[in-house]
Every structure is written in structure tokens, then in C-alpha cells.
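**Student:**
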Amino acid sequence: MRAAAGGEALGRGSHDVVARALPHYRAWASRYGRVFLSWSGATPTLCVGSYDMARRVLSDKAGLYVKPDPGPTILALLGVGLVFAEGEDWARHRRVVHPAFAMDKLKMMTGAMAACAGEVVRAWEARARAAVPGGEVTVEVGQQFTELTADVISHTAFGSSYRRGKEVFRAQRELQHIALAAIGSIRVPGMEYAPTKTNVRRWQLERTVRDTLMAIIDERLDAAKEARGYGTDLLGLMLEANAGVGGKRAMSMDEIIDECKTFFFAGHDTTAHLLTWAMFLLGTHPEWQQRLREEVLRECGGAETPLHGDALNKLKLENS
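Whatever position you read off the sequence shown (first residue = 1), add 6 for the working numbering.
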């Protein structure tokens with residue numbers, strides 16, 4: 007069913023992604039209704055096609071809907087951060103992570119984000135200038151945005167330690183491929199712990215991620231002892247919030263590492279796809295390209311004008 011759906015080209019103006027990506031769910035919903043039960047081996051899954059029911063599940067505060075066990079392969083990628091933490095653990099993690107995402111803190115990172123994006127744009131412009139006059143340059147924007155978002159997260163999450171942050175990114179990308187392969191296969195109990203070639207590689211990557219992040223964290227803790235502070239990036243803000251009152255930590259270092267993993271995956275992959283999709287839409291609607299370009303130049307200035315976070319609130323078309 008997937009092979010048949012994947013062989014059909016999606017129309018340029020079509021947004022019917024479910025029929026292409028998950029054709030079996032579309033077929034089951036047509037046969038059994040918008041709410042139905044499916045099984046993966048011995049594991050039942052309640053599929054909900056009602057927006058109101060989905061909203062009720064996602065906004066649940068009573069703990070009635072428990073998050074599924076992701077298994078060791080997914081945990082190697084994401085860790086037990088906000089995505090998988092439950093109950094009081096989730097609340098404790100959120101108290102530490104939330105201050106790092108306050109609007110005034112995020113605005114301070116606008117310059118670093120703009121600098122990373124500027125490097126990509128200048129590289130594209132250089133390729134265009136080097137092309138044969140009247141010729142065309144093809145850019146694989148999906149890969150470019152994957153690298154861009156990795157640069158942005160490495161700079162905003164780890165600041166001066168961004169080069170080692172890129173090492174984490176490369177290991178996380180390989181872990182992601184391993185996790186995606188595991189999702190598409192039948193889960194045999196115990197196989198995730200057997201010393202297969204894939205599992206051995208996963209363990210190596212896990213150690214790389216943990217050791218690299220731990221080295222960065224140790225540097226920040228040493229700097230704080232010398233009264234140089236934790237830093238103003240996401241990791242520094244999180245460590246500062248974690249120190250609490252009287253030096254009592256709310257989260258262990260392993261939990262901090264898990265949140266760093268969540269930063270990388272949640273902030274990188276989704277943003278790269280969003281940017282790629284935005285470029286596709288702009289390419290198919292050139293009139294919007296012009297309108298948005300005029301607004302950005304009017305409110306933010308040209309390429310040589312430093313970008314400030316407050317300017318983003320003035321972009322009415324961007325935020326509509």
C-alpha cells in the first residue's frame with residue numbers, strides 16, 4: 007500500500023499528505039471510522055481522528071493519558087526529557103527548562119541566528135555569481151537547511167562550545183537514522199539489548215553524545231565556580247536555573263544531558279522541514295515572495311543592518 011502511494015506524484019497544490027505518507031491509516035479510517043483500534047504485535051494503539059479528542063488528550067493535566075514506552079533506540083536519540091517525562095518529573099524538568107525559553111532570552115539570540123542564516127545566503131549568492139551568465143543554479147535546500155539549523159542550535163545552545171555541539175549533531179543524525187529504521191520494523195522483546203552490529207553502533211554513538219555533552223557541562227560548572235557565570239546560551243540558562251537556591255540542583259547531570267538531546271532533535275529536525283516547506287510555498291507563489299521581501303526590507307533593513315528581535319514583531323505578513 008505504501009509502495010503504491012509513494013509511486014504517485016503529489017499535486018503541486020495538494021495538501022493530502024496522509025494518503026501518501028500513511029495510506030493504511032486512511033484506508034482504516036474509511037473502513038472503521040475516525041476512531042479505531044489497531045495492533046502492532048501485542049501493543050494496541052487507539053487512533054483518534056477527532057480534533058476535539060486529540061486536543062483533550064494533549065491538554066490533559068490529570069495524568070490519564072500515559073506516554074508510550076519509546077524503547078531504548080528512541081531514548082538514545084531523545085533521552086527522558088520533556089518529551090517523555092511524566093508527572094512530577096515533567097513538572098520539575100519544565101521549571102528548569104522554561105526560563106531558557108523566555109522571550110527576552112530568545113531575543114538575545116537573534117543575532118547569532120541571523121549570522122548563521124547570512125552565511126548560507128552568501129554561499130548561495132556566490133554560487134549564483136559563479137554560474138554561466140543566464141544559467142541556473144540548483145540548490146538542495148533540504149540538506150542546506152539541515153546544516154543551517156544544526157549551526158543555529160549549536161551556537162544558541164552551546165555558545166562558544168558550538169564546534170563540539172556540531173559533534174553531538176553528527177552523532178544525533180546517525181542515531182536518528184537508526185531510530186527511524188527501528189520504527190519501521192517489528193519490535194522483538196530483548197533484541198534492542200543484543201550485541202548486533204546496529205546496537206553496538208548505537209551504543210558507541212550514545213557514549214559520544216554523552217561524553218561530549220558532559221565535557222561541555224563540566225566546563226560551564228568550572229566557569230561558574232570561578233564566578234564567570236554559566237553563559238547566556240540555552241545550556242547556560244538551563245544550568246543557572248538548575249542551580250536553584252542554595253546550590254541544590256533540581257535535575258541531575260544525566261537529566262540535563264537528556265534535555266540537550268531534546269533541544270537538538272526537536273529544534274533541529276522540525277525547523278529544517280518547516281524552512282524547506284516554506285521555500286517550496288514561496289517558489290510556487292512568487293507574488294508572496296515579493297510581498298514578504300518588501301516587508302522584511304522595510305521593517306528590518308538590508309543585509310548589512312543588524313537584526314534585532316523586536317523587529318520580528320513588526321512583520322505582519324510573516325506572523326499572519
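The beta carbon of each residue, even a glycine, is placed where N, CA and C say it ideally should be.
1. Hey, VAL63 and TYR57: beta-carbon distance below 8 Å or not?
2. Look up VAL41 in the DSSP assignment and say whether it is helix, strand or coil.
3. Got a sec, what are the start and stop residues for the beta strand (DSSP E) PRO50 sits in?
4. Would you list the residues sitting across from SER46 in a DSSP beta bridge?
5. Do THR282 and PHE151 have their beta-carbon atoms positioned less than 8 Å apart in this structure?
6. DSSP state of LYS73, grouped into three classes?
7. Please report how far the alpha carbon of ALA156 lies from the alpha carbon of HIS274, in whole angstroms.
8. Would you say MET119 lies against chain D (beta-carbon separation less than 8 Å)?
9. Could you tell me which of LEU318, LEU241, ASN319 and GLU310 sits nearest to PRO105, measuring between CA atoms?
10. Considering GLY165, what are the terminal residues of the alpha helix (DSSP H) in which it resides?
11. Could you give the distance in angstroms between the alpha-carbon of ASP75 and the alpha-carbon of ARG297?
12. Please determine whether the Cβ atom of ALA68 lies at a distance below 7 Å from any heavy atom of the ligand MG.
13. Write down the C-beta distance between LEU288 and TRP294 rounded to the nearest angstrom, noting that I regard them as a contact closer than 8 Å.
14. Expressed to the nearest angstrom, what Euclidean distance is found between the alpha-carbon atoms of GLU146 and GLY250?
15. At which residue ranges does the segment 221-272 contain complete beta strand (DSSP E) runs of 3 or more residues, listed in the order of the chain?
16. Any contact between the segment 206-220 and the segment 77-97? By contact I mean 3 or more CB pairs, one from each, below 8 Å.
17. Which residue's Cα is closest to the Cα of HIS21: GLY308, VAL194 and PHE286?
18. For the alpha helix (DSSP H) holding LEU323, just list the boundary residues, first then last.
19. Figure out for me which residue from PRO78, ARG61 and ASP66 has the closest Cα to the Cα of PRO195.
20. Going by other Cβ atoms of all chains shown within 10 Å of its Cβ, with 16 needed for buried, is VAL41 buried or exposed?
21. How long is the line joining the alpha carbons of ALA221 and SER167, rounded to whole angstroms?
22. Please determine if the segment 116-128 and the segment 253-272 are in contact, where contact requires at least 3 C-beta pairs separated by less than 8 Å.
23. Could you check what DSSP says for HIS99 in three-state terms: helix, strand or coil?
24. Got a sec, what are the start and stop residues for the alpha helix (DSSP H) PRO292 sits in?
25. Reducing DSSP to helix, strand and coil, say where VAL206 ends up.
26. Return the residue from the list ASP239, GLU131, GLU301 and SER258 that minimises the CA-CA distance to GLY117.
27. Quick check on this structure: which residue in PRO312, GLU300, HIS314 and ALA309 has the alpha carbon closest to the alpha carbon of GLU324?
28. Determine the burial state of HIS291: buried for a count of at least 16 other Cβ atoms within 10 Å of its Cβ, exposed for fewer.
29. Check each candidate in GLY17, ASP110 and ILE159 and name the one with the smallest Cα separation from ASP316.
30. If you draw a straight line from the C-alpha of ALA200 to the C-alpha of VAL127, how long is it?
31. Taking 7 Å as the limit between beta carbons, can you name the residues of its chain near ALA60, skipping five residues before and five after?
32. With C-beta atoms as the reference, is GLU305 less than 8 Å away from LEU280?
**Tutor:** Well, looking at it:
1. TYR57 is positioned such that its CB atom lies no closer than 8 Å to that of VAL63.
2. It is a strand residue.
3. Taken as a continuous stretch (DSSP letters only), the beta strand (DSSP E) holding PRO50 covers 49-54.
4. Per DSSP, THR49.
5. Result yes, Cβ atoms of PHE151 and THR282 sit closer than 8 Å.
6. The three-state secondary structure of LYS73, taken from DSSP, is coil.
7. Roughly 6 Å between the two C-alpha positions.
8. Protein chains in the displayed structure number just one, and chain D is not present.
9. Out of LEU318, LEU241, ASN319 and GLU310, LEU241 has the C-alpha closest to the C-alpha of PRO105.
10. For GLY165, there is no enclosing alpha helix (DSSP H), as DSSP gives it neither H nor E.
11. Between ASP75 and ARG297, the C-alpha separation is close to 46 Å.
12. As for the ligand MG, it is missing from this structure, which has no ligand bound.
13. Between TRP294 and LEU288 the Cβ distance is about 6 Å, and since that is below 8 Å, they are a contact.
14. If you draw a straight line from the Cα of GLU146 to the Cα of GLY250, it is about 45 Å long.
15. The qualifying runs do not exist here; there are none.
16. Verdict: yes, contact present.
17. The residue with the shortest Cα to Cα distance from HIS21 is PHE286.
18. It spans 322-325 - the alpha helix (DSSP H) in which LEU323 sits, taken as one unbroken run.
19. When each option's Cα is compared against that of PRO195, the closest is PRO78.
20. Taking a 10 Å sphere around the C-beta of VAL41, we find fewer than 16 other C-beta atoms and assign the residue as exposed.
21. C-alpha of ALA221 to C-alpha of SER167: approximately 10 Å in a straight line.
22. Counting Cβ pairs under 8 Å, fewer than three are found: no touch.
23. It is helical.
24. That run of the alpha helix (DSSP H) goes 292-306.
25. In the three-state reduction of the DSSP assignment, VAL206 falls in the helix class, which pools H, G and I.
26. The closest CA to that of GLY117, considering only ASP239, GLU131, GLU301 and SER258, is found on ASP239.
27. Of PRO312, GLU300, HIS314 and ALA309, the residue nearest in Cα terms is GLU300.
28. Burial call: exposed.
29. Comparing Cα-Cα distances from ASP316 to each of GLY17, ASP110 and ILE159, the minimum goes to ASP110.
30. Cα-Cα distance, rounded: 46 Å.
31. VAL54.
32. No, they are not a contact pair.
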